[in-house]
Amino acid sequence: MKIAAINKNDFINGEGVSVSVWIQGCPHHCKGCHNPEQWDFNGGEYINNWKLIDEVSEAITANGIQRNLSILGGEPFAPQNVNDTYQLLWHIKEKFPSIKTFVWTGYTLKQLQEMYEQELLENVDVLIDGRFELSKRDITLKLRGSSNQCILYKGTDF
Ligand code: SF4
């Protein structure tokens with residue numbers, strides 16, 4: 286899969302401390318996007334999926350601290366990325382069922398449900414959905430950049 290970055294001790298994106306993976310490639314091209322260098326599906330760095338799963342697994346429990354997993358982008362659920370994202374979530378949840386997984390997507394939940402099978406979100410605990418809208422930008426919001434975006438919880442919202 287193509288990734289833009291990994292932060293193995295991220296205190297901002299998620300709850301507590303997370304291992305955060307930024308997936309490369311985004312079709313949304315939101316005005317005011319903070320990561321336009323992550324739009325190009327040919328950019329970023331290629332990493333073998335199994336190597337990434339091993340690297341993330343090691344990072345989740347490094348130094349005796351259990352971390353959550355956050356997946357950002359780019360667009361993790363773009364057609365070019367969706368299978369890799371699903372595989373990463375599936376294997377990490379299988380190894381660490383008690384951790385929380387967070388995914389940021391520019392699609393709305395409704396769009397995802399129209400595009401993909403229901404299984405897509407089976408290993409996602411918290412979904413932050415919707416494109417970044419510059420006119421609705423609000424830096425006081427938790428986990429979101431603009432007020433149109435929603436924080437959605439498994440079992441309650443999907
Ligand atoms: S969805 Fe995110 S990464 Fe993609 S253009 Fe919008 S703000 Fe940027």
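Numbering (my numbering), first residue to last: 286 to 443. In this text, a Cβ means the ideal position worked out from N, Cα and C, and glycines have one as well.
Q. Taking ASP295 as the reference, which of ILE332, LEU354, TYR331 has the closest Cα?
A. Within the sequence shown, the letter at position 10 stands for residue 295. Comparing Cα positions, the closest option is LEU354.
Q | Within the segment 325-354, ranges of the alpha helix (DSSP H) (whole runs, at least 4 residues) | A | 334-345
Q: Taking only heavy atoms of the ligand SF4 into account, decide whether any of them is closer than 7 Å to the Cβ of GLN323.
A: On the sequence shown, position 38 is the one that residue 323 refers to. Result yes, Cβ under 7 Å from the ligand SF4.
(Q) I want to check one thing, is the minimum distance from the CB of ASN298 to the heavy atoms of the ligand SF4 below 7 Å? (A) For this step, residue 298 is matched to residue 13 along the sequence shown. Flag unset: Cβ of ASN298 not near the ligand SF4.
Q | beta-carbon PHE417 near the ligand SF4 non-hydrogen atom, thresh 7 Å | A | Working through the sequence shown from its first residue, we reach residue 417 at position 132. Yes, since a heavy atom of the ligand SF4 falls inside the 7 Å radius drawn around the Cβ of PHE417.
Q: Kindly indicate the opening and closing residues of the beta strand (DSSP E) around LYS395.
A: Reading the sequence shown from its first residue, position 110 is the one you call residue 395. From DSSP, LYS395 is part of no beta strand (DSSP E) but of the alpha helix (DSSP H) over 394-400.
Q. CB of HIS313 to nearest heavy atom of the ligand SF4: below 7 Å?
A. Here residue 313 refers to the residue found at position 28 of the sequence shown. Yes - the ligand SF4 has a heavy atom lying nearer than 7 Å to the Cβ of HIS313.
(Q) So if DSSP puts ARG422 in a beta bridge, which residue, or which two residues, is it bridged to? (A) Locating residue 422 in the sequence shown gives position 137, where the first residue counts as 1. In the DSSP output, where bridge partners are listed per residue, ARG422 has SER431.
Q. How about ASP369 and THR390: do their beta carbons lie closer than 8 Å?
A. The residue labelled residue 369 in the question sits at position 84 within the sequence shown. The residue labelled residue 390 in the question sits at position 105 within the sequence shown. Not in contact: ASP369 and THR390 (Cβ atoms no closer than 8 Å).
Q.
Suppose the cutoff is 8 Å on Cβ atoms and the five residues either side in sequence are ignored; what does the same chain contact list for VAL445 look like?
A. Given that the chain is displayed from residue 286 to residue 443, the structure contains no residue 445 and the question cannot be resolved.
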